[in-house]
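These protein sequence lines are chains A and B, in that order. The opening residue of the first sequence carries number 247 in our numbering; numbering runs sequentially from there. The opening residue of the second sequence carries number 247 in our numbering; numbering runs sequentially from there. Okay, structure first, notes after.
2 protein chains.
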Amino acid sequence: MATLKDIGAELGLSPATVSRALNGFPEVSARTRAKVLETAERLGYRPNRVAQRLVTGRSGMVGMIVRIRPDMSADQTFFEVVAGLSAELAARDTDLVLAVDRGDDPVAAYRRMLERDILDGFILNAPVPDDPRVAFLQTAGVPFVMHGQTAREVDYPFYGIDNRAVAGDAVDLLCALGHRRIALLNAEPRLAFARDREAGFRAAMRAAGNALPDIFVHASAAIPGAGYAPAIGWLSGQAGPRPTAIVCSSTLLAADVLRAAADLGLPVPAGLSIIAHDDAQPGLRAAELAPPLTVTHAPLRDACAPLAEALIAHIGGAPARALQRCDRAELIARASTGRVPQGGEAPWSSTGP
Amino acid sequence: MATLKDIGAELGLSPATVSRALNGFPEVSARTRAKVLETAERLGYRPNRVAQRLVTGRSGMVGMIVRIRPDMSADQTFFEVVAGLSAELAARDTDLVLAVDRGDDPVAAYRRMLERDILDGFILNAPVPDDPRVAFLQTAGVPFVMHGQTAREVDYPFYGIDNRAVAGDAVDLLCALGHRRIALLNAEPRLAFARDREAGFRAAMRAAGNALPDIFVHASAAIPGAGYAPAIGWLSGQAGPRPTAIVCSSTLLAADVLRAAADLGLPVPAGLSIIAHDDAQPGLRAAELAPPLTVTHAPLRDACAPLAEALIAHIGGAPARALQRCDRAELIARASTGRVPQGGEAPWSSTGP
DNA sequence: CTGAAAGCGCTTACAG
DNA sequence: CTGAAAGCGCTTACAG
Numbered sequence: 247m248a249t250l251k252d253i254g255a256e257l258g259l260s261p262a263t264v265s266r267a268l269n270g271f272p273e274v275s276a277r278t279r280a281k282v283l284e285t286a287e288r289l290g291y292r293p294n295r296v297a298q299r300l301v302t303g304r305s306g307m308v309g310m311i312v313r314i315r316p317d318m319s320a321d322q323t324f325f326e327v328v329a330g331l332s333a334e335l336a337a338r339d340t341d342l343v344l345a346v347d348r349g350d351d352p353v354a355a356y357r358r359m360l361e362r363d364i365l366d367g368f369i370l371n372a373p374v375p376d377d378p379r380v381a382f383l384q385t386a387g388v389p390f391v392m393h394g395q396t397a398r399e400v401d402y403p404f405y406g407i408d409n410r411a412v413a414g415d416a417v418d419l420l421c422a423l424g425h426r427r428i429a430l431l432n433a434e435p436r437l438a439f440a441r442d443r444e445a446g447f448r449a450a451m452r453a454a455g456n457a458l459p460d461i462f463v464h465a466s467a468a469i470p471g472a473g474y475a476p477a478i479g480w481l482s483g484q485a486g487p488r489p490t491a492i493v494c495s496s497t498l499l500a501a502d503v504l505r506a507a508a509d510l511g512l513p514v515p516a517g518l519s520i521i522a523h524d525d526a527q528p529g530l531r532a533a534e535l536a537p538p539l540t541v542t543h544a545p546l547r548d549a550c551a552p553l554a555e556a557l558i559a560h561i562g563g564a565p566a567r568a569l570q571r572c573d574r575a576e577l578i579a580r581a582s583t584g585r586v587p588q589g590g591e592a593p594w595s596s597t598g599p
Numbered sequence: 247m248a249t250l251k252d253i254g255a256e257l258g259l260s261p262a263t264v265s266r267a268l269n270g271f272p273e274v275s276a277r278t279r280a281k282v283l284e285t286a287e288r289l290g291y292r293p294n295r296v297a298q299r300l301v302t303g304r305s306g307m308v309g310m311i312v313r314i315r316p317d318m319s320a321d322q323t324f325f326e327v328v329a330g331l332s333a334e335l336a337a338r339d340t341d342l343v344l345a346v347d348r349g350d351d352p353v354a355a356y357r358r359m360l361e362r363d364i365l366d367g368f369i370l371n372a373p374v375p376d377d378p379r380v381a382f383l384q385t386a387g388v389p390f391v392m393h394g395q396t397a398r399e400v401d402y403p404f405y406g407i408d409n410r411a412v413a414g415d416a417v418d419l420l421c422a423l424g425h426r427r428i429a430l431l432n433a434e435p436r437l438a439f440a441r442d443r444e445a446g447f448r449a450a451m452r453a454a455g456n457a458l459p460d461i462f463v464h465a466s467a468a469i470p471g472a473g474y475a476p477a478i479g480w481l482s483g484q485a486g487p488r489p490t491a492i493v494c495s496s497t498l499l500a501a502d503v504l505r506a507a508a509d510l511g512l513p514v515p516a517g518l519s520i521i522a523h524d525d526a527q528p529g530l531r532a533a534e535l536a537p538p539l540t541v542t543h544a545p546l547r548d549a550c551a552p553l554a555e556a557l558i559a560h561i562g563g564a565p566a567r568a569l570q571r572c573d574r575a576e577l578i579a580r581a582s583t584g585r586v587p588q589g590g591e592a593p594w595s596s597t598g599p
């Protein structure tokens, strides 16, 4: 492999000048730069990144640790995000070093990775309120970017969508269609985004003057079919009045609800409106369900470039506060939402909170 | 961060001696070594791996490139293997650098990764016959280990299971139960392991004196429900005599076949025997299906340690031929296989090859 | 058993 | 505009 020295030897230049020419320093003469570039090209020169890293103190690698619980099936979210991040980071000359953690301690894997290796930073996903990883990495002085946020006001870089608005927009649309008994089929409550959606749901329901349902059902989208049982519970009407609309935290859960409605002979949207949040992951297209789903639409893959960008900027010294971005998901009305059915206009029993 | 120099300064030793003490060189005196270890511990010394790598020429990173087709849903296989490999490599002080490739050229991603970075080697998965990655990496002189094999005799390290035996053992079991009309629901034919299973199936059928079915159906386990339609095709009997047994390349496909049999009112195993290969991925437990599945059992996660081990040995200079291992999957008989039903003893029509 | 020295390939003040 | 030199933190022949 050709080195700076080799190029310099060919041209009678010092490695220092070759380095400057290659790295675009302005003081190098145009002729010298041209010769250096030509020779580098001809010799197939590739900078030795290990040497660069030793001298710059950067590794060019960022870590991502994915936690999986022992019996969880593959999480499509993970796949989609890792694929996108890997591409976006590669475009910025950065490697994604991946570790999978099955342990109990949420920070142990980070500590291990930091001890074993030089990493310039981390990408964190699946934030929970008071996420212990935040304190750990901030104390250690290690840059990171969060996919999502642990709270509304934080002092680290993040990228995500406005999850309060996700649920709020859904409720607003349904209220405009006359719905008052709206249920929320949410993700696991330990996740920050699920709490945000519940908060947005509550706020929008209150703003519309609607009573809240007695229970908020949570179901893991990682477990196939997890939305079916709660949907049957609601829609069979055994636990009180049926909702006329259900807000689902994912298209996967919405598909379960559709199946439950079909099994109960309840037409959508004539008897039940459904709206879901849509990550736009391959495998389940909201527009191709029967009926096509009304969704709040925010493709997961759109998060990858902002995350990579923010992390690399932060590693380069940009302040955290300048690297916080929260996009609004787009509301796309399709055929799964319609006017409230006749007789469905009554609110939830007023036992709601 | 403490360096070798810092430790040496504390003890009045040279960095060279500290290095030797830390790296277990035999010539260091026990007293010196003890003092060095104690001081290193106290100062929280961690070797700078970038520096180590610059001098040794090794990076301590191995790459894995996962190809995904644009619209494929998440492949559980990928998740399981990456999780296991990440752990096994970490235990050997090696990082897994992951890239995801959506392109057409099977070697382009490898070339890019080699140009951008120092990698000690690669882990390849999903081999196809005449896999172009093999020639590319061998020409480039880059070590790799294959999960599976591209042919019976190869000159690179690999770990996998005997896929001919997987299908052969299944056929043998079914033949012992009197079955003669056995069908194979195989994986995508471009994959080497699918070809091996077909070869094993054909060989075992011939050895048992059975005619072969006219068609071998392939279905991607990455597409949910992909096995249902072919199973209905066979079991409805419209395309000729029904098979009395079906060998499935995965438990996912077997679940589809079970569903098809149920929908047609065909009892298992009284009317149909089913045997599947079982990777033991979470999410679909062969023993918990109804009826519990007879399987050839070879957990994917068992492949991770041998793969990591072989790659690291090969990087360290061990010859490829010493790093080729093919394990036999374990046949586990459960309730989905039984004696051939009355009237099912006739062979396939003799139009088979 | 230990040290001084060279070197891995690069970057970057410091001179000129 | 270019070069000589120092240094990033480590390893490893070579001496002693």
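Yeah, the Cβ is synthetic: ideal placement off N, Cα and C, and Gly gets one too.
Item	Value
Have a look at B/T323 and B/F404 and give me their C-alpha separation to the nearest angstrom.	17 Å
Report the option in B/M307, B/G270 and B/A438 whose CA atom is closest to the CA atom of B/L360.	B/M307
Examine the Cβ distances between the region 457-477 of chain A and the region 543-559 of chain A and report whether three or more of them are shorter than 8 Å.	no
Would DSSP call A/L481 helix, strand or coil?	helix
Is there a Cβ of chain B sitting closer than 8 Å to that of A/L342, yes or no?	yes
Between the beta-carbon of B/L539 and the beta-carbon of B/A500, is there less than 8 Å?	yes
Closer than 7 Å, Cβ to any Cβ of chain B: which residues of the region 287-316 of chain A, in chain order?	R292, R295, V296, A297, R299, L300, S305 and I314
Please classify B/T540: does DSSP put it in a helix, a strand, or coil?	strand
Name the residue from B/P435, B/G387 and B/F439 whose alpha carbon lies nearest to the alpha carbon of B/I407.	B/F439
How is the beta strand (DSSP E) around B/M307 delimited, first residue to last?	M307 to R313
For B/E361, go through chain A and note every residue whose CB falls closer than 7 Å to its CB, in chain order.	R292
Going along the region 264-280 of chain B in order, which residues come within less than 7 Å of chain A, judged by CB to CB distance?	none
Taking a Cβ distance cut-off of 7 Å, strictly less, list which residues of the region 325-351 of chain B are near chain A, in chain order.	F325, V328, A329, S332, A333, A336, D339, D341, L342, V343, L344, A345 and V346
Is A/V493 near A/F462, with beta carbons less than 8 Å apart?	no
With DSSP as the reference, label B/F271 as helix, strand or coil.	coil
How about B/V332 and A/V388: do their beta carbons lie closer than 8 Å?	Reading the sequence as shown, one finds Ser at residue 332 of chain B and not Val. Against a cut-off of 8 Å, the Cβ pair of A/V388 and B/S332 comes out as no contact.
Have a look at B/Q298, B/C421 and B/Q395 and flag the residue whose alpha-carbon is nearest the alpha-carbon of B/E591.	B/C421
Could you tell me which of B/L512, B/G471, B/L335 and B/A468 sits nearest to B/P489, measuring between CA atoms?	B/L512
Skipping 5 residues on each side, what residues in its chain have a beta carbon closer than 7 Å to that of A/R379?	P352, V353, Y356 and L370
Going straight from the alpha carbon of B/R277 to that of A/V400, what length do you get?	50 Å
Tell me which same chain residues have a C-beta within less than 7 Å of the C-beta of A/D252, skipping the five on either side of it?	L289
So is A/V503 buried or exposed if we call it buried at 16+ other beta carbons inside 10 Å?	buried
Check each candidate in A/G270, A/N432, A/E576 and A/L283 and name the one with the smallest Cα separation from A/L257.	A/L283
Note down, in chain order, every chain A residue with its Cβ under 9 Å from the Cβ of B/I407.	Those do not exist, as B/I407 stays about 21 Å from chain A at its closest Cβ, beyond 9 Å.
Given that a residue counts as buried once 16 or more other Cβ atoms are within 10 Å of its Cβ, and exposed if not, what is A/T302?	exposed
Determine, using beta carbons only, whether A/R583 and A/P476 come nearer to each other than 8 Å.	The question names Arg, yet the displayed sequence has Thr at residue 583 of chain A. In this structure, A/P476 does not lie closer than 8 Å to A/T583 by Cβ.
Report back the beta-carbon spacing between B/I558 and B/R338 to the nearest angstrom; my notes put them in contact at under 8 Å.	5 Å
If we call anything under 8 Å between Cβ atoms a contact, is A/A216 one with A/A413?	Missing from the structure shown is residue 216 of chain A; chain A here goes from 247 to 599 and no further.
Three-state secondary structure (DSSP) at A/N456?	coil
Here's the rule: buried if 16 or more other CB atoms are within 10 angstroms of the residue's CB, otherwise exposed. What is A/M392?	buried
Bridge partners for B/D418 per DSSP, in chain order?	According to DSSP, which records beta bridges pairwise, B/D418 is partnered with nothing at all.
Beta-carbon of B/I561 versus every beta-carbon of chain A: anything under 8 Å?	no
Output needed in chain order: residues of the region 356-382 of chain B with a Cβ under 7 Å from some Cβ in chain A.	E361, R362, D363 and I364
Exposed or buried, B/D363, counting other C-beta atoms within 10 Å across all chains shown (16 or more means buried)?	buried
Specify the secondary structure class of A/I469 as computed by DSSP and reduced to three states.	coil
Taking 8 Å as the cut-off, decide whether the C-beta atoms of A/L344 and A/V328 are in contact.	yes
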